[in-house]
Amino acid sequence: MKYQQWNIAQRSQEAYKAMERQGVPTLVAATLCARGMTDLAEAKGLLSSGEDQLQDPFLMKDMDLATARIGRALRNGEKIAVYGDYDVDGITSTCLLTHYLRAQGGDVCYYIPNRLSEGYGVNREAVEELARQGVRLMITVDCGITAVEEVAYASGLGIDVIITDHHECKEEIPAAVAVVDPHRKDCPYPFKHLAGVGVALKLVLALGGESREDALFARYCTLAAIGTIADVMRMEGENRTIVSCGLEALPHTDFVGIHALLKEAGLLNKPITSVQIGFVLAPRINAAGRMGKADLAADLLETSDPARAEELARELCDLNRQRQEVEQTICAEATEKIRNLRTEDRSALVLSSEKWHQGVVGIVASRLSEKYACPSFMIHLKDGVGKGSCRSYGGFNLFAALESCADLLEGFGGHALAAGFTIQEENIPAFRARMEEIVRQDTGGEEMVSTLQIDGEIENTALLTVEEVEALSMLEPYGAGNPKPVFSLSGVTITCMSDVGGGRHLKMRASRDGRTVDMIFFSVTRAKSGLTVGDRADVAFYPQINEYRGSRSVQLHLVDLRPAYSAQQLNEQALYRKYSRGEPLSPCEARMMIPQREEFAAVWRYLANRDGEVVEVPASLARKVAQEGDLWESTLHTMICLEVLESFDLVTLRPEEGGALRIRLQKRRGKGKVALYQAPIIQKLQAIAWGEERRSHLSS
Numbered sequence: 031m032k033y034q035q036w037n038i039a040q041r042s043q044e045a046y047k048a049m050e051r052q053g054v055p056t057l058v059a060a061t062l063c064a065r066g067m068t069d070l071a072e073a074k075g076l077l078s079s080g081e082d083q084l085q086d087p088f089l090m091k092d093m094d095l096a097t098a099r100i101g102r103a104l105r106n107g108e109k110i111a112v113y114g115d116y117d118v119d120g121i122t123s124t125c126l127l128t129h130y131l132r133a134q135g136g137d138v139c140y141y142i143p144n145r146l147s148e149g150y151g152v153n154r155e156a157v158e159e160l161a162r163q164g165v166r167l168m169i170t171v172d173c174g175i176t177a178v179e180e181v182a183y184a185s186g187l188g189i190d191v192i193i194t195d196h197h198e199c200k201e202e203i204p205a206a207v208a209v210v211d212p213h214r215k216d217c218p219y220p221f222k223h224l225a226g227v228g229v230a231l232k233l234v235l236a237l238g239g240e241s242r243e244d245a246l247f248a249r250y251c252t253l254a255a256i257g258t259i260a261d262v263m264r265m266e267g268e269n270r271t272i273v274s275c276g277l278e279a280l281p282h283t284d285f286v287g288i289h290a291l292l293k294e295a296g297l298l299n300k301p302i303t304s305v306q307i308g309f310v311l312a313p314r315i316n317a318a319g320r321m322g323k324a325d326l327a328a329d330l331l332e333t334s335d336p337a338r339a340e341e342l343a344r345e346l347c348d349l350n351r352q353r354q355e356v357e358q359t360i361c362a363e364a365t366e367k368i369r370n371l372r373t374e375d376r377s378a379l380v381l382s383s384e385k386w387h388q389g390v391v392g393i394v395a396s397r398l399s400e401k402y403a404c405p406s407f408m409i410h411l412k413d414g415v416g417k418g419s420c421r422s423y424g425g426f427n428l429f430a431a432l433e434s435c436a437d438l439l440e441g442f443g444g445h446a447l448a449a450g451f452t453i454q455e456e457n458i459p460a461f462r463a464r465m466e467e468i469v470r471q472d473t474g475g476e477e478m479v480s481t482l483q484i485d486g487e488i489e490n491t492a493l494l495t496v497e498e499v500e501a502l503s504m505l506e507p508y509g510a511g512n513p514k515p516v517f518s519l520s521g522v523t524i525t526c527m528s529d530v531g532g533g534r535h536l537k538m539r540a541s542r543d544g545r546t547v548d549m550i551f552f553s554v555t556r557a558k559s560g561l562t563v564g565d566r567a568d569v570a571f572y573p574q575i576n577e578y579r580g581s582r583s584v585q586l587h588l589v590d591l592r593p594a595y596s597a598q599q600l601n602e603q604a605l606y607r608k609y610s611r612g613e614p615l616s617p618c619e620a621r622m623m624i625p626q627r628e629e630f631a632a633v634w635r636y637l638a639n640r641d642g643e644v645v646e647v648p649a650s651l652a653r654k655v656a657q658e659g660d661l662w663e664s665t666l667h668t669m670i671c672l673e674v675l676e677s678f679d680l681v682t683l684r685p686e687e688g689g690a691l692r693i694r695l696q697k698r699r700g701k702g703k704v705a706l707y708q709a710p711i712i713q714k715l716q717a718i719a720w721g722e723e724r725r726s727h728l729s730s
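Residue numbers for the sequence shown follow the numbering used here, so the first one is 31 and each next one is one higher.
Here's what the structure looks like:
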């Protein structure tokens, strides 16, 4: 089980039925109502992606100043530099603005800092280099809002600076010619969720003028869509328009590098959605920046030579494979560090190492935040200085938290959900302690739990038809604020399981309501699932269409699965959690927890018959032990048996992914009987259940 908690949305049945009567497909209506939309008109308004959503770019503070200064530079033949960032948003922003300015006859170069040697944002050495090249106007894209000192330095070298950015602003903004950022407190622009490339697009539309707005939008919306999806911007308002139009224009774009990358990634001539952009195309562009070669990705998007584009696309895909290998290594090392932490020290994960690749720690932080349900801070150390990347969880505001730690940091910047920072190695312990306290205060001391938001329970598998699943495309494009719909099915019986894809993924078939459903669970294996054929399970999934040899059928792309628990099992789990937290037990509860001798023997025999080691979800283990020993099934008693055996060093227990346990028998040093009922656990339970006198009698 990947998530500790499933939140299945409650929908208004009245609104749901009303939408169905208006012709809205059932799964679409269920999703809309689960997300709080009560009528079709409201749903259409929120999901609108027409160009009427586009706002006047001159509503942005300083847009008039920015266009005036750029216009003067173009007229006078001044050398212009576009200063970008090394992620997908920054690279697409850089290429979009550079392409437009060159098309207007501008003398334009671009500069993207090296992630590994320069880090994020504007730096003095880069400004000096641009000054040596004769640059007189520098336009930042997707960065610059915190570059107060660097902008002042550029001004002293005779370079005017225009800032275009979408990151959070600090109290002081740079004294640039123009600062275009919808997050400025004095900016009246109504839509605050543009990506950096969205702001760059608005600048181009403003430069082109109202008469050319449609043509320019059509030309550049694909680049803007890729950057917007990759930067996980809220998929509403203008972003829906940018992404919808960009995806529609993708097959016809005249950026040959995009076609080459689609071909190399196996997506050419296939329907492309925001999901393919986010999980296939964007990581390949991002890999260039992460591995310190962002210029490769920029060159790909800029080139007009198909042969050169194919060569660069291959290089990006190779870099992405390298990035994946590095990421797996860092993940394993970070997980080992986390295992050694006390539970109370996991409210915020602050981890550091000199071995970790600076460009990959951010993506690992994302994985750790999701896995451990808390904000994660991954720090690459070199020569006593740490470059950190952090990712939020549960809506925790990283930018505000970093502001609260500003005295411990050399610098920081970013969003509420993702940010970067620089820190002296000696300050990391103090930073860790303060951040853990900030998170505890933010959560009220409550432990964060990994939570899966589900749009609804499927009551009848007959609803999972090709037509119903295809109709969900009405909700595209998906993204932050409009995620891909997730549904659940309860109590399916697993009839077939096999590891596929070189043993990396799990393919299953299950039955319910007299029907069979096919399922695929990526990056999970049979062993990790902890389940076997015949088990009953609850599954959470994206419904998708699987095409094979011309046949189209529904396949469930699993997001999570868990054993289907009976009311008795749920009660046992609640009691076990109460016991594990050290809360007082009643005599009746304590009596319920004490296993019989036959149960200890059955657990031992089950393990011994399987070469002394198994990886099982506790509920599944309890069922198998009961079946093999012809006993009453009890997950609670099975867990107590294991704890007692562990207390005598007869077994070792190690938590695995998905809620499973790795259980291994230990070699016994002697041949005498073990007095299991003398174990402190049993002694304590007996004392609560019957009092000291009765406990002594039982123990003897």
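Note that CB positions come from ideal geometry on N, CA and C, so glycine has one too.
Notebook entry, point to check: Exposed or buried, what is residue 406 when buried is set at 16 or more other beta-carbons lying within 10 Å of its beta-carbon?
Noted result: Locating residue 406 in the sequence shown gives position 376, where the first residue counts as 1. Buried.
Notebook entry, point to check: What's the gap between the Cα of residue 728 and the Cα of residue 565?
Noted result: If you number the sequence shown from 1, residue 728 lands on position 698. If you number the sequence shown from 1, residue 565 lands on position 535. Any reading at residue 728 needs caution, since the residue's pLDDT is 48, under 50, leaving its predicted position unreliable; the model's value is listed next. Just so you know, the alpha carbons of residue 728 and residue 565 end up roughly 37 Å apart.
Notebook entry, point to check: Can we say the region 159–170 touches the region 188–199, given the rule of at least three CB pairs closer than 8 Å?
Noted result: As far as the Cβ criterion goes, the region 159–170 touches the region 188–199, which means the pair count is three or higher.
Next item on the list: Determine the burial state of residue 599: buried for a count of at least 16 other Cβ atoms within 10 Å of its Cβ, exposed for fewer.
Entry: Residue 599 sits at position 569 when you count from the first residue of the sequence shown. Residue 599 comes out buried.
Notebook entry, point to check: Which residues does DSSP pair with residue 190 in a beta bridge?
Noted result: In the sequence shown, the residue the question calls residue 190 occupies position 160. In the DSSP output, where bridge partners are listed per residue, residue 190 has 167.
Note to self: Just to confirm before moving on: does the CB-CB distance between residue 647 and residue 561 stay below 9 Å?
What the structure shows: Counting from 1 along the sequence shown, the entry for residue 647 is found at position 617. Counting from 1 along the sequence shown, the entry for residue 561 is found at position 531. Cβ distance < 9 Å, so residue 647 and residue 561 count as in contact.
Checklist line | One or two residues paired with residue 50 in a DSSP bridge | finding: Here residue 50 refers to the residue found at position 20 of the sequence shown. Bridge partners of residue 50: none, in fact.
Next item on the list: Could you spell out where the alpha helix (DSSP H) holding residue 144 opens and where it closes?
Entry: In the sequence shown, counting from the first residue as 1, residue 144 sits at position 114. That residue, residue 144, is in no alpha helix (DSSP H); it is neither H nor E in DSSP.
Next item on the list: Please report the Cβ distance between residue 543 and residue 586, rounded to the nearest whole angstrom; I am assuming they are in contact, meaning their Cβ atoms lie under 8 Å.
Entry: Mapped onto the sequence shown, residue 543 falls at position 513. Mapped onto the sequence shown, residue 586 falls at position 556. Contact flag wrong, Cβ pair sits at about 14 Å.
Item checked: Which listed residue (97, 35, 327 and 712) has its alpha carbon closest to that of residue 120 -> On the sequence shown, position 90 is the one that residue 120 refers to. Closest option to residue 120, Cα to Cα, is 327.
Notebook entry, point to check: Assuming residue 612 contacts residue 31 under a Cβ cut-off of 8 Å, what Cβ separation, rounded to an integer in Å, is found between them?
Noted result: As a position in the sequence shown, residue 612 is number 582, starting the count at 1. As a position in the sequence shown, residue 31 is number 1, starting the count at 1. A Cβ-Cβ distance of about 24 Å is found for the pair residue 612 and residue 31, leaving them out of contact under the 8 Å criterion.
Note to self: Quick check: the Cα distance between residue 641 and residue 658, rounded to an integer number of angstroms?
What the structure shows: Numbered from its first residue, the sequence shown carries residue 641 at position 611. Numbered from its first residue, the sequence shown carries residue 658 at position 628. Taking the straight line joining both Cα atoms gives about 16 Å.
Checklist line | Other residues of its chain near residue 675: CB distance less than 6 Å, five sequence neighbours each side excluded | finding: For the purposes of this step, residue 675 is taken as the residue at position 645 of the sequence shown. Only 681 meet the Cβ criterion.
Next item on the list: Could you check if residue 685 is buried or exposed, using at least 16 other CB atoms within 10 Å of its CB as the buried criterion?
Entry: Counting from one through the sequence shown, the residue named residue 685 turns up at place 655. Exposed, since its Cβ has fewer than 16 Cβ neighbours within 10 Å.
Notebook entry, point to check: Mind checking residue 298: buried by the 16 CB within 10 Å criterion, or exposed?
Noted result: Along the sequence shown, read from residue 1 onward, the residue named residue 298 stands at position 268. Burial call: exposed.
Notebook entry, point to check: So, is residue 726 buried or exposed, given that buried needs 16 or more other C-beta atoms within 10 angstroms?
Noted result: The count along the sequence shown starts at 1 and reaches residue 726 at position 696. The predicted model places residue 726 with a pLDDT of 49, which falls under 50 and marks its position as unreliable, so this point remains unresolved.
Check: Hey, out of 304, 329 and 610, whose CA is closest to residue 669's CA?
Finding: One-based indexing of the sequence shown puts residue 669 at position 639. When only C-alpha atoms are compared, the closest one is 610.
Check: When you compare each of 236, 223, 284 and 282 to residue 257 by their alpha carbons, which one comes out closest?
Finding: For the purposes of this step, residue 257 is taken as residue 227 along the sequence shown, with counting starting at 1. Minimum Cα-Cα distance from residue 257 among the listed residues 236, 223, 284 and 282 corresponds to 223.
Margin query: On a Cα-Cα basis, can you pick out the residue from 489, 404 and 451 that is closest to residue 468?
Written below: Locating residue 468 in the sequence shown gives position 438, where the first residue counts as 1. When 489, 404 and 451 are compared, the shortest CA-CA separation from residue 468 is found for 404.
Next item on the list: Can you have a look at residue 47 and say buried or exposed, based on whether 16 or more other CB atoms are within 10 angstroms of its CB?
Entry: Reading the sequence shown from its first residue, position 17 is the one you call residue 47. Residue 47 should be labelled exposed.
Item checked: Proximity to residue 42 [Cα-Cα], best of 603, 60, 433 and 34 -> Within the sequence shown, numbered from 1, the residue matching residue 42 stands at position 12. For the residues 603, 60, 433 and 34, the minimum Cα distance to residue 42 belongs to 60.
Check: CB-CB under 6 Å to residue 332, same chain, minus the five flanking residues each way: which ones, in chain order?
Finding: The residue labelled residue 332 in the question sits at position 302 within the sequence shown. The beta carbon of residue 332 sits closer than 6 Å to the beta carbons of 125 from its chain, once the five residues preceding and following it are set aside; these are given in chain order.
Next item on the list: Would you identify the three-state DSSP class for residue 229, choosing helix, strand or coil?
Entry: Here the question's residue 229 lines up with position 199 in the sequence shown. Residue state, collapsed to three classes: helix.
Check: In angstroms, rounded to a whole number, what distance separates the CA positions of residue 134 and residue 104?
Finding: Position 104 of the sequence shown, counted from the start, is the residue given in the question as residue 134. Position 74 of the sequence shown, counted from the start, is the residue given in the question as residue 104. A direct Cα-Cα distance of roughly 8 Å separates residue 134 from residue 104.
Notebook entry, point to check: Measuring CA to CA, which of 656, 118 and 672 is closest to residue 325?
Noted result: Residue mapping note: residue 325 aligns to position 295 of the sequence shown, counting from 1. Here the closest residue by C-alpha is 118.
Next item on the list: Figure out for me which residue from 343, 434, 314 and 188 has the closest Cα to the Cα of residue 741.
Entry: There is no way to answer for residue 741, as the model of the chain reaches only from 31 to 730.
Item checked: Rounded separation between residue 96 and residue 208 - CA only -> As a working note, residue 96 is residue 66 in the sequence shown. As a working note, residue 208 is residue 178 in the sequence shown. Rounded to whole angstroms, residue 96 and residue 208 show a C-alpha spacing of 5 Å.
Margin query: For residue 477 and residue 34, I'd like the C-alpha separation in whole angstroms.
Written below: If you number the sequence shown from 1, residue 477 lands on position 447. If you number the sequence shown from 1, residue 34 lands on position 4. As the crow flies, the alpha-carbon of residue 477 is around 12 Å from that of residue 34.
Checklist line | Residues near residue 556 by beta carbon distance below 7 Å, same chain, minus five either side | finding: Numbered from its first residue, the sequence shown carries residue 556 at position 526. Close CB contacts of residue 556 within its chain, under the 7 Å cut and outside five residues either way in sequence, are with 527, 529 and 536 (chain order).
Item checked: Within 9 Å, strictly: CB atoms of residue 366 and residue 414 -> Residue 366 sits at position 336 when you count from the first residue of the sequence shown. Residue 414 sits at position 384 when you count from the first residue of the sequence shown. No Cβ-Cβ contact shorter than 9 Å links residue 366 with residue 414.
Next item on the list: Helix, strand or coil for residue 291, going by three-state DSSP, please let me know.
Entry: For this step, residue 291 is matched to residue 261 along the sequence shown. Note: residue 291 maps to helix in three-state DSSP.
Check: With C-beta atoms as the reference, is residue 563 less than 9 Å away from residue 524?
Finding: Mapped onto the sequence shown, residue 563 falls at position 533. Mapped onto the sequence shown, residue 524 falls at position 494. Against a cut-off of 9 Å, the Cβ pair of residue 524 and residue 563 comes out as a contact.
Next item on the list: Return yes when the Cβ of residue 187 is within less than 9 Å of the Cβ of residue 161, no when it is not.
Entry: Here residue 161 is taken as the residue at index 131 of the sequence shown, counted from 1. Here residue 187 is taken as the residue at index 157 of the sequence shown, counted from 1. Yes.
Next item on the list: Please state whether DSSP places residue 134 in a helix, a strand or coil.
Entry: The residue labelled residue 134 in the question sits at position 104 within the sequence shown. In the structure shown, residue 134 sits in coil (DSSP, three-state: anything other than H, G, I, E or B).
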